[in-house]
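Numbering (this note's numbering), first residue to last: 1 to 287.
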């Protein structure tokens, strides 16, 4: 299994490198923004308390002749109900986490100069990418995730909707005393991922409904040799173009509300804090 996992890691990394190679082409469009999210009902596995979080976000998306890129970095600051390493719950400043996501899509129809559209699907892509995270808790996670697989890109009058089926390989770390192993390579698993961004007009108000939903299959045993379970994570938001209404500058300042739905967080189950139902307030400044 370890040899197979190493091969998967190598093949995924190669697919990412190959798919990213055509990025030498000039960008045909791009969108970059700094975002902020706030919620007071987040959860953490093994913690029965709600956790308040302030989340700063840097997001970039761009397209070029043969595909597109997506980059997102979240910096998450918890309150003291989610303590940093060495602190006592309810005291201190709380834990800080950094979570980075990168995805690249290679549009196969453009590369092959063929029309691959069918039904509602306008294009077929190869997606490859990675996630990295670190958090200064006792657990001390250091997630390394590689994904690769096909994506169906749906044709919409405005906005986008992408459905991906990805093969995932994950490595991580646990520094807590209760973990029987500190570094682990999980069993490879599959990820079904839907991402969307749908702009629309509500009278004079420009709006958009955006988000993603992931279903991750079980990934074998965890750090204490307990079986993991499938995981569902969805984040959605309804945003208002405040900049257009207030300053006559479209797609500059957005504000709205969102919701995070998370079942079996990180594959955990049967313990407090593994299911999240968190409403959020959100802002975006595009530049």
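Even for Gly, the Cβ is constructed at its ideal location relative to N, Cα and C.
query	result
Buried or exposed (CB count within 10 angstroms, at least 16 for buried), residue 267	buried
Cβ pair residue 284, residue 254 closer than 9 Å	yes
Inter-residue Cα distance where the pair is residue 288 and residue 259	For residue 288 there is no data in the structure shown, the boundaries of the chain being 1 and 287.
Simplified DSSP assignment, three categories, for residue 175	coil
Distance between residue 187 and residue 178 (C-alpha atoms, nearest Å)	21 Å
Backbone CA spacing between residue 218 and residue 189 [nearest angstrom]	6 Å
Limits of the unbroken beta strand (DSSP E) element including residue 240	231-241
Segment contact flag, the stretch 112-119 with the stretch 71-86, C-beta cutoff 8 Å, min 3 pairs	no
Start-to-end residues for the alpha helix (DSSP H) that takes in residue 106	Per DSSP, residue 106 belongs to no alpha helix (DSSP H); it is in the beta strand (DSSP E), 96-107.
Start and end residues, beta strand (DSSP E) containing residue 44	29-44
Test item: CB-CB of residue 287 and residue 51 under 9 Å	no
Three-state class that DSSP yields for residue 246 in the structure shown	helix
Which of helix, strand or coil DSSP assigns to residue 156	coil
Stretch-stretch touch, CB-based, cutoff 8 Å, three pairs: the stretch 129-145 with the stretch 49-67	no
CB contact flag (residue 241, residue 208, <9 Å)	yes
Nonlocal neighbours in the same chain, by C-beta distance under 6 Å from residue 278, ignoring five residues either side	39, 41, 42, 260
Boundaries (first-last residue) of the beta strand (DSSP E) holding residue 81	No beta strand (DSSP E) holds residue 81; DSSP gives it neither H nor E.
Neighbourhood of residue 90 by C-beta distance below 6 Å, restricted to the same chain and skipping five residues each side	80
Reference residue 184, options 244, 226, 272, closest by Cα	226
Short Cβ contact (9 Å threshold) for residue 206 with residue 158	no
Paired residues, beta bridge with residue 58 - DSSP	34, 73
Residue closest to residue 160, alpha-carbon to alpha-carbon, out of 264, 61, 26, 37	61
Which of helix, strand or coil DSSP assigns to residue 118	strand
Coil, strand or helix - residue 267 by DSSP	helix
Proximity to residue 64 [Cα-Cα], best of 71, 101, 107, 121	107
Cβ neighbour criterion (16 or more within 10 Å) applied to residue 28	exposed
Nearest-angstrom Cα separation, counted from residue 213 out to residue 126	19 Å
Any non-hydrogen atom of the ligand COA closer than 8 Å to residue 140 Cβ	Ligands are entirely absent from the displayed structure, and the ligand COA is therefore not among its contents.
Spatial neighbours of residue 250 in its chain, beta-carbon cut-off 8 Å, leaving aside the 5 residues before and after	206, 241, 243, 244
Other residues of its chain near residue 92: CB distance less than 7 Å, five sequence neighbours each side excluded	80, 83, 84
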